[in-house]
Amino acid sequence: MPGPLEGVVIVDLSRVVAGPQATMALADLGARVIKVEQPGTGDETRGWGPPFAGADQVSTYYLSINRNKESITLDLKSDEGKDTLARLVRHADVLVENFRTGVLDRLGFPVGRLHELNPRLIVLSITGFGHDGPEGGRPGYDAIMQGEAGIMSVTGPPGTPSKVGLSIADILAAGNATSGVLAALYERTRTGRGSVVRTSLLASVVGAHMYQGTRWTVAGEVPESVGNDHPTIAPYGTFRCKDGQIQIGVANQNLWRRFAPLVELDADDPRYATIPDRSANRAELTADIERVLAGDTREAWLERLNGAGVPAGSIRSIDEVYTWEQTRSQGLVIEVEHPTLGRIELPGPPLRFDGAEPRVHTAPPLLGEHTDAVLAWLDEQDAAERRDPTKQQDVAEQQDLAGQRDVAERRDPAEQQDVAEQQDPARQQDVAVRLDAAGERDGEEQGRGQ
319 MPGPLEGVVI VDLSRVVAGP QATMALADLG ARVIKVEQPG TGDETRGWGP PFAGADQVST
379 YYLSINRNKE SITLDLKSDE GKDTLARLVR HADVLVENFR TGVLDRLGFP VGRLHELNPR
439 LIVLSITGFG HDGPEGGRPG YDAIMQGEAG IMSVTGPPGT PSKVGLSIAD ILAAGNATSG
499 VLAALYERTR TGRGSVVRTS LLASVVGAHM YQGTRWTVAG EVPESVGNDH PTIAPYGTFR
559 CKDGQIQIGV ANQNLWRRFA PLVELDADDP RYATIPDRSA NRAELTADIE RVLAGDTREA
619 WLERLNGAGV PAGSIRSIDE VYTWEQTRSQ GLVIEVEHPT LGRIELPGPP LRFDGAEPRV
679 HTAPPLLGEH TDAVLAWLDE QDAAERRDPT KQQDVAEQQD LAGQRDVAER RDPAEQQDVA
739 EQQDPARQQD VAVRLDAAGE RDGEEQGRGQ
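Going by our numbering, the sequence shown wraps up at 768, each residue one higher than the last.
Okay, here's the thing in structure tokens:
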């Protein structure tokens, strides 16, 4: 089944995690993603392991973030590679890159040229620390950013800064990048032109600080790590039972009143009566709870807690998650046919659409697997343009419009606005509405003056 982004073509120059994770999400939604890789080596993650799979030593890391894509190889430092990239840009809707700041410019493809080639192109740029600012040029991998952007300071046992066991900075950046591209595609339906979307690992982590951020910005409190406990709510965390640990989350007063009797506590005990009381007496509360939980098994307690509507859960290992029937029922495990590994299972996409049949997924591509097919497609697109004068005219008009915008940007702000509004029918209508409204207001004010 085609997805909602069917017909959208994405040129993916990104490598490692954040960019490929974003383009995989867009591919899951139906976009055609053409992954451009360096001949001979390709994406760095092709060499990341162990574990590797099969006789050809395929990286399981690479397999995790590159499904539903095509791979071509281009030497972007060669004239031929640059020419092919220019052709791809002309026929694409989105270009994705996560080079260090300035690399794309040095390759001969600054934003201005990209929009000369294709004024409708959306450019997504993902960096480590941001594309500008005093440290904008720094390289930034996930582990570095978890430290720099504060995740490690609020993770792990007290006094022991710890890294999250997933590439969480990359994943957050990928989510922001995906939503930015979707917003830009929608904006293009109104304006007819592409835009530049920028995000970074730093911005994505800071944007996810939530209450930990406002503890400092508003309350002046520096958050510290508290292990598996919630920093402000109790009981909310990991608790020991007779045969192991479970997670319990009592996040409000209604839940507290359901939970307290189950663990033989008085809901109105002044030590624990309110969220601030329970947080202040966290250690004593935990001891009282675990004293009762020790009398029975995890399975028995989960049954009681779930029966009472108190959020609680197991602590599953990764293998348990993928064999769990609930995981599989949600389409979170998919099968694909890999060119060398055969039938394999991969983590599946997190979105589903009511009424849509599950799509058929394709395996992460071999290096350069689709080079010939993509080049043939480019030849077809170029030939179609040459045969159809209206397409040539559209391209010329788009390029001319891009040039006019460049000129407008060099004028003073008032003139820039005038040019933009003249070129954009939607904005022309907005201007007309504003003029009409202004005329009505002038008439009303004159009437009141009389």
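Ideal placement from N, C-alpha and C gives every residue a C-beta, glycine not left out.
Bounding residues of the alpha helix (DSSP H) (the contiguous stretch that carries residue i)
| i | result |
| --- | --- |
| V421 | V421 to R424 |
| Y504 | I486 to T509 |
| K395 | First-last for K395: undefined, no H or E at that position. |
| V678 | Careful: V678 lies outside any alpha helix (DSSP H) and carries neither H nor E. |
| D301 | An answer regarding residue 301 cannot be provided, because it is not within the stretch 319 to 768 covered by the chain. |
| G555 | Per DSSP, G555 belongs to no alpha helix (DSSP H); it is in the beta strand (DSSP E), Y554 to C559. |
| R516 | Taken as a continuous stretch (DSSP letters only), R516 belongs to no alpha helix (DSSP H), being part of the beta strand (DSSP E) at V514 to S518. |
| V429 | V429 to L435 |
| T478 | Where T478 is concerned, there is no enclosing alpha helix (DSSP H), given that its DSSP letter is neither H nor E. |
| T645 | E643 to S647 |
Residue of the options minimising C-alpha distance to residue i
| i | options | result |
| --- | --- | --- |
| P682 | G325, G426, V692 and P338 | P338 |
| V329 | T359, Y640 and I352 | I352 |
| T550 | L583, D690 and R600 | R600 |
| D614 | G562, E643 and G399 | G562 |
| D450 | E617, A467, P479 and R418 | R418 |
| R516 | A491, Y504, Y529 and E539 | A491 |
| I652 | T641, L664 and G660 | L664 |
| V581 | Y554, A569, V568 and V610 | V610 |
| N624 | D584, R576 and T478 | R576 |
| G426 | D397, P668 and D586 | D397 |
| A371 | P676, I662, G673 and A674 | I662 |
Cβ neighbours of residue i in the same chain (closer than 6 angstroms, five flanking residues each side left out)
| i | result |
| --- | --- |
| V327 | R350, A410 and D411 |
| P320 | G348 |
| L331 | V354 and E415 |
| Q464 | M470, K481 and A487 |
| T532 | none |
| D547 | G555 |
Close beta carbons around residue i, own chain, < 8 angstroms, minus the five adjacent residues each side
| i | result |
| --- | --- |
| E602 | R589 |
| G420 | G455 |
| L620 | I564, A630, G631 and S632 |
| D595 | P588 and R589 |
| L696 | T402, R405, L406 and H409 |
| A612 | R558, C559 and K560 |
| D730 | Model confidence at D730 stands at a pLDDT of 48, short of 50, so the residue's coordinates are unreliable; what they give is reported in the following sentence. Taken in chain order, the list of residues that qualify is empty. |
Extent of the continuous beta strand (DSSP E) run through residue i
| i | result |
| --- | --- |
| G567 | G562 to G567 |
| I390 | K387 to T391 |
| I662 | G660 to P665 |
| R350 | R350 to E355 |
| G625 | G625 -> not in any beta strand (DSSP E); alpha helix (DSSP H) instead, spanning R616 to G625. |
| D773 | In this structure the chain extends from 319 to 768, so residue 773 is not present and cannot be described. |
| E415 | V412 to E415 |
| E655 | V651 to H656 |
Residue burial classification, residue i (beta-carbon count within 10 angstroms, cutoff 16)
| i | result |
| --- | --- |
| G512 | buried |
| A732 | Caution is warranted here: a pLDDT of 47 is assigned to A732, below 50, making its placement in the model unreliable, and no coordinate value can be reported. |
| V725 | For V725, the predicted model reports a pLDDT of 47, less than 50, meaning its position is unreliable and no value from the coordinates is stated. |
| V354 | buried |
| D401 | exposed |
| F557 | buried |
| V689 | The displayed chain sequence assigns Thr, not Val, to residue 689. It counts as buried. |
| D460 | buried |
| N384 | buried |
| Y379 | buried |
| T592 | exposed |
| A336 | buried |
| R508 | exposed |
| R333 | buried |
| D361 | buried |
| V536 | exposed |
| F671 | exposed |
| L422 | buried |
| G468 | buried |
| G666 | buried |
| G458 | buried |
| I566 | buried |
| R616 | buried |
7 angstroms CB neighbourhood of residue i in its chain, flanking five on each side removed
| i | result |
| --- | --- |
| E324 | G348 |
| P322 | L347 and G348 |
| V771 | Summary: the structure shown does not reach residue 771, with the chain confined to residues 319 through 768, and so no result is reported for it. |
| Q747 | Its pLDDT being 46, under 50, Q747 is placed unreliably in this model, and the value from its coordinates should be taken loosely. For Q747, where only same-chain residues beyond five positions count, there are no Cβ hits under 7 angstroms. |
| S518 | I444, T445, G446, F447, G448 and A491 |
| Q530 | V472 and P541 |
Check: residue i C-beta below 8 angstroms from any heavy atom of the ligand FAD
| i | result |
| --- | --- |
| F447 | No copy of the ligand FAD appears in this structure; indeed no ligand is present at all. |
Are three or more beta carbon pairs between the segment 426–439 and the segment 400–418 nearer than 8 angstroms?
-> yes
Any chance the segment 543–561 sits against the segment 465–482, with 3 or more Cβ pairs inside 8 angstroms?
-> Contact between the segment 543–561 and the segment 465–482 is present, with at least three C-beta pairs closer than 8 angstroms.
For the segment 616–632 and the segment 596–608, state whether three or more C-beta atom pairs, one from each stretch, are separated by less than 8 angstroms.
-> With the cut-off at 8 angstroms, the segment 616–632 and the segment 596–608 do not touch.
If we count Cβ pairs, one from each stretch, closer than 8 angstroms, do we get three or more for the segment 487–497 versus the segment 515–527?
-> yes
Stretch-stretch touch, CB-based, cutoff 8 angstroms, three pairs: the segment 686–701 with the segment 380–392 = yes
Sufficient close CB pairs (3 or more, under 8 angstroms) joining the segment 670–684 to the segment 642–657 | yes
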